[in-house]
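> Take this structure first; my questions come after.
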Amino acid sequence: MEIIHVSAECYPYAKAGGLGDVVGALPKYQNHLGHIAKVVMPMYRTKFLYDNEWELVHQGGQQFGLNWFHYSVIKEKSNKLGFDLFLVDINGLLDREKIYGYDDDAERFTAFQIAVCDWINHWQNKPDVIHCHDHHTGLIPFMMQYCFAFENLRNVSPVFTVHNAQYQGWLDWSHYHFVPTYDGWRWGLLEWDKKINPLASAIKCSKKVTTVSSSYLEELKVSANGLEKLFEYEQGKCVGILNGIDNDVWNPSTDEFIPENFDASTVTDGKLASKKELCNRFQLDVEKPLIVFIGRLVGEKAADILPEAIRSSIFEYNGNVNFLVLGSGEPEVESELNWLKLQFPGYVNIFIGYSEPLSHLMYAGADFLLMPSRVEPCGLNQMYALRYGTVPMVRSTGGLLDTVIDFGDWQGFGIRFNNATPEDVKHAVGRAIDLFYNKKNLLFWMREFMMNIDHSWDTSAKQYIELYEEL
Ligand code: ADP
10 MEIIHVSAEC
20 YPYAKAGGLG
30 DVVGALPKYQ
40 NHLGHIAKVV
50 MPMYRTKFLY
60 DNEWELVHQG
70 GQQFGLNWFH
80 YSVIKEKSNK
90 LGFDLFLVDI
100 NGLLDREKIY
110 GYDDDAERFT
120 AFQIAVCDWI
130 NHWQNKPDVI
140 HCHDHHTGLI
150 PFMMQYCFAF
160 ENLRNVSPVF
170 TVHNAQYQGW
180 LDWSHYHFVP
190 TYDGWRWGLL
200 EWDKKINPLA
210 SAIKCSKKVT
220 TVSSSYLEEL
230 KVSANGLEKL
240 FEYEQGKCVG
250 ILNGIDNDVW
260 NPSTDEFIPE
270 NFDASTVTDG
280 KLASKKELCN
290 RFQLDVEKPL
300 IVFIGRLVGE
310 KAADILPEAI
320 RSSIFEYNGN
330 VNFLVLGSGE
340 PEVESELNWL
350 KLQFPGYVNI
360 FIGYSEPLSH
370 LMYAGADFLL
380 MPSRVEPCGL
390 NQMYALRYGT
400 VPMVRSTGGL
410 LDTVIDFGDW
420 QGFGIRFNNA
430 TPEDVKHAVG
440 RAIDLFYNKK
450 NLLFWMREFM
460 MNIDHSWDTS
470 AKQYIELYEE
480 L
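Taking my numbering as reference, the numbering of the sequence shown is continuous, increasing by one, and the terminal residue is 480.
Have a look at this one:
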């Protein structure tokens, strides 16, 4: 079977969050299963682009509103990623340094989707499935079926994965001309709540829709940023498939970003080496439990409660705990965290920014990983933490609910709490401190147990193939 993944992110070429991890791993595992999976992305000016060799595979052009654009498609030459990676270049629109965050993002990603459809429309042998990820690719299922220019794609099955329904790519109807000419009777398939809504359109027009965990699918029927009724109505074609993790990239026994590699049998010494490096670098105390947070500093991740939760925990537990935060996001949260670092040197440190190497070192060196998320469709951080023997402290929501069992329950290995509030986090911190100082044997057992849990893509990649086969 031939599957084309279309996405705005793909690790290691361009990643802003979990979407990049998924699209960088799933195709590789699908290829391992004997299928042909490829990835198509916009061309951004990332380091990976300049560090690798590319060949030109196609050039074309399409109407875009009143204008015409030219595009070219290049392919990574070495195939070292485990799948073919194609980049679509549209001069002036896609070749920028950041992935998102430009005023003309809607225009950029719509032009990208048109170019992708136009290119595949020219293929002699069509793929079996075009698998689109999140709203940046949400207009493709509609275009494949109803735009006159792409009628060679009518027999290809569109599949769509919702990684995050908070962002939907809304477009005002005044931009209707962005979408190439289509069967006018079908305009309703583009719309939700009086706007062109790419996420809603993808849910309506795809043959199958997946969400990145089963719990998230249930949550979307009651809370989906306005799309609850649509998820309810379309539930027959929706299915939750839990994300996996790429065991080659996230492997403490081969990880190049940590000072000493380790496995379940050497976890105590291995983690200590990473913890020492972290504590040296961030002036923390290696004897104290180290709780870390890694992620976008936004409301979804409940980053706004971190400053108060950290402050009150330090007071409540007499400073017997250290915190380290890696992330960037809302300016108020960033400045509150920076202020906290000045108030509590030796107890708290913050790295504002994005650093893949530091994230690996933190998963390895931390004792606990905190995720108080309000919304967590799947969450990969907790799975990385498990792989590195770090106890996840999570709010019971979405994918966190599906992957973490509280240590108070049978064969539990994590800490769970119910509310995204400083009080609940403080209580969870108290339990972590108790584990660290008073229940060492249990903590050591938990580390070994967690490291042996298999969250690799093997199972989920098969589930996707079975889903395509139903089509
Ligand atoms: P999201 O909702 O942001 O996609 P996920 O848990 O699905 O959340 O995935 C987050 C991914 O992004 C993980 O690989 C995590 O390590 C990474 N990540 C998030 N913020 C940072 C950062 N500031 N530096 C390095 N990696 C980060």
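Backbone N, C-alpha and C fix where the C-beta goes; we use that ideal spot for every residue, glycine too.
Under the DSSP definition of a beta bridge, which residues are partnered with residue 194?
Residue mapping note: residue 194 aligns to position 185 of the sequence shown, counting from 1. According to DSSP, which records beta bridges pairwise, residue 194 is partnered with nothing at all.
> Just to confirm the assignment, what range does the beta strand (DSSP E) spanning residue 98 have?
Taking the sequence shown and counting its residues from 1, the one referred to as residue 98 is at position 89. Taken as a continuous stretch (DSSP letters only), the beta strand (DSSP E) holding residue 98 covers 93-98.
> Would you list the residues sitting across from residue 155 in a DSSP beta bridge?
The residue you call residue 155 lines up with position 146 of the sequence shown. BP columns for residue 155 are empty, so no partner.
> Of the choices 376, 477, 97 and 461, whose alpha-carbon is the least far from that of residue 442?
The sequence position of residue 442 within the sequence shown is 433, counting from 1. It is 376.
> Note the first and the last residue of the continuous alpha helix (DSSP H) segment covering residue 141.
As a working mapping, residue 141 is identified with position 132 in the sequence shown. Careful: residue 141 lies outside any alpha helix (DSSP H), inside the beta strand (DSSP E) at 138-142.
> For a minimum of 4 consecutive residues, which ranges assigned as the alpha helix (DSSP H) are wholly contained in the stretch 27-91?
27-41 and 56-60
> Residue 470 and residue 28: beta carbons closer than 8 Å?
The residue labelled residue 470 in the question sits at position 461 within the sequence shown. The residue labelled residue 28 in the question sits at position 19 within the sequence shown. Cβ atoms of residue 470 and residue 28: not closer than 8 Å.
> Given residue 291, which residues of its chain have a CB within under 6 Å of its CB, disregarding the five upstream and five downstream residues?
One-based indexing of the sequence shown puts residue 291 at position 282. These residues qualify, in order along the chain: 333 and 358.
> Could you check which residue in 14, 38 and 59 has the C-alpha nearest to that of residue 22?
Against the sequence shown, residue 22 aligns to sequence position 13. Looking at the Cα atoms, 59 is the closest of the given residues.
> DSSP three-state call for residue 466: helix, strand or coil?
Within the sequence shown, numbered from 1, the residue matching residue 466 stands at position 457. Helix, per DSSP.
> From residue 166 to residue 300, what distance separates their C-alpha atoms?
As a first step, residue 166 is located in the sequence shown; it is residue number 157 there, counting from the start. As a first step, residue 300 is located in the sequence shown; it is residue number 291 there, counting from the start. So the two alpha carbons sit approximately 45 Å from each other.
> Quick one: is the Cβ of residue 336 within less than 7 Å of any heavy atom of ligand 1?
Position 327 of the sequence shown, counted from the first residue, corresponds to residue 336. Yes, since a heavy atom of ligand 1 falls inside the 7 Å radius drawn around the Cβ of residue 336.
> Would you kindly work out how many angstroms separate the C-alpha atoms of residue 420 and residue 37, rounded to a whole number?
Here the question's residue 420 lines up with position 411 in the sequence shown. Here the question's residue 37 lines up with position 28 in the sequence shown. Cα to Cα, residue 420 sits roughly 32 Å from residue 37.
> Around the C-beta of residue 475, are 16 or more other C-beta atoms found within 10 angstroms, so that it is buried, or is it exposed?
To locate residue 475, count along the sequence shown from 1; it is residue 466. Flag for residue 475 reads exposed.
> Report yes if the CB atom of residue 390 is closer than 8 Å to the CB atom of residue 303, and no otherwise.
As a first step, residue 390 is located in the sequence shown; it is residue number 381 there, counting from the start. As a first step, residue 303 is located in the sequence shown; it is residue number 294 there, counting from the start. Yes, they are a contact pair.
> Which partner residues does residue 299 have in the DSSP bridge list?
By one-based count along the sequence shown, residue 299 stands at place 290. Partner(s): 331.
> Any idea what DSSP makes of residue 10, helix, strand or coil?
Within the sequence shown, residue 10 is the residue found at index 1, counting from 1. Coil at residue 10, not helix or strand.
> Can you tell me where the beta strand (DSSP E) holding residue 217 begins and where it ends?
As a position in the sequence shown, residue 217 is number 208, starting the count at 1. Unbroken beta strand (DSSP E) run through residue 217: 217-220.
> What are the residues that DSSP puts in a beta bridge with residue 361?
For the purposes of this step, residue 361 is identified with residue 352 of the sequence shown, where counting begins at 1. 336.
> Which of the three DSSP states, helix, strand or coil, is assigned to residue 353?
In the sequence shown, counting from the first residue as 1, residue 353 sits at position 344. Collapsing the DSSP output to three states places residue 353 in coil.
> Give the list of continuous alpha helix (DSSP H) stretches no shorter than 4 residues that lie fully inside the stretch 236-275.
If one requires a minimum length of 4 residues, the alpha helix (DSSP H) runs lying completely within the stretch 236-275 are 237-242, in chain order.
> Residue 401 lies in the beta strand (DSSP E); which residues open and close that run?
As a first step, residue 401 is located in the sequence shown; it is residue number 392 there, counting from the start. Counting along the chain, the beta strand (DSSP E) containing residue 401 begins and ends at 400-404.
> Alpha carbons only, please: which of 398, 325 and 283 is nearest the one belonging to residue 370?
The residue given as residue 370 occupies position 361 in the sequence shown. Closest by alpha carbon: 283.
> By the DSSP assignment, the beta strand (DSSP E) with residue 16 in it spans what residues?
Indexing the sequence shown from 1 puts residue 16 at position 7. Neither: residue 16 is in no beta strand (DSSP E) and is coded neither H nor E.
> Below 8 Å, can you find three or more Cβ-Cβ pairs linking the stretch 441-458 to the stretch 396-409?
yes
> Considering only their Cβ atoms, is the gap separating residue 138 from residue 95 smaller than 8 Å?
Taking the first residue of the sequence shown as 1, we reach residue 95 at position 86. Taking the first residue of the sequence shown as 1, we reach residue 138 at position 129. No, Cβ-Cβ distance for residue 95 and residue 138 is not below 8 Å.
> May I ask you to report which of helix, strand or coil DSSP gives residue 146?
By one-based count along the sequence shown, residue 146 stands at place 137. Three-state DSSP puts residue 146 in a helix.
> By the three-class DSSP mapping on this structure, what secondary structure does residue 423 have?
Your numbering for residue 423 matches position 414 in the sequence shown. In this structure, residue 423 counts as strand in the three-state DSSP scheme.
> If you follow the alpha helix (DSSP H) that residue 412 is part of, which residue opens it and which one closes it?
Mapped onto the sequence shown, residue 412 falls at position 403. Annotation for residue 412: the continuous alpha helix (DSSP H) segment containing it runs 407-412.
> If you check the beta carbons only, do residue 130 and residue 161 fall under 8 Å apart?
Looking up residue 130 in the sequence shown gives position 121. Looking up residue 161 in the sequence shown gives position 152. Taking 8 Å as the cut-off, the Cβ atoms of residue 130 and residue 161 count as close.
> Please state whether the Cβ-Cβ distance between residue 136 and residue 250 is less than 8 Å.
Taking the sequence shown and counting its residues from 1, one reaches residue 136 at position 127. Taking the sequence shown and counting its residues from 1, one reaches residue 250 at position 241. Not in contact: residue 136 and residue 250 (Cβ atoms no closer than 8 Å).
> If you compare alpha carbons, which of 230, 348, 323 and 364 is closest to residue 435?
Numbered from its first residue, the sequence shown carries residue 435 at position 426. Minimum Cα distance to residue 435 is reached at 323.
> Mapping the DSSP letters down to three states, classify residue 416 as helix, strand or coil.
Taking the first residue of the sequence shown as 1, we reach residue 416 at position 407. Residue 416: coil per DSSP, three-state reduction.
> Quick one: measure Cβ to Cβ for residue 278 and residue 270, integer angstroms, because I've assumed they're closer than 8 Å.
The count along the sequence shown starts at 1 and reaches residue 278 at position 269. The count along the sequence shown starts at 1 and reaches residue 270 at position 261. Rounded, the Cβ-Cβ distance is 11 Å, inconsistent with contact.
> For residue 440, count neighbouring C-beta atoms within 10 Å of its own C-beta (all shown protein chains included) and say buried if the count is 16 or more, exposed if not.
Stepping through the sequence shown from its first residue, residue 440 is reached at position 431. Counting Cβ neighbours within 10 Å, residue 440 comes out buried, since at least 16 surround it.
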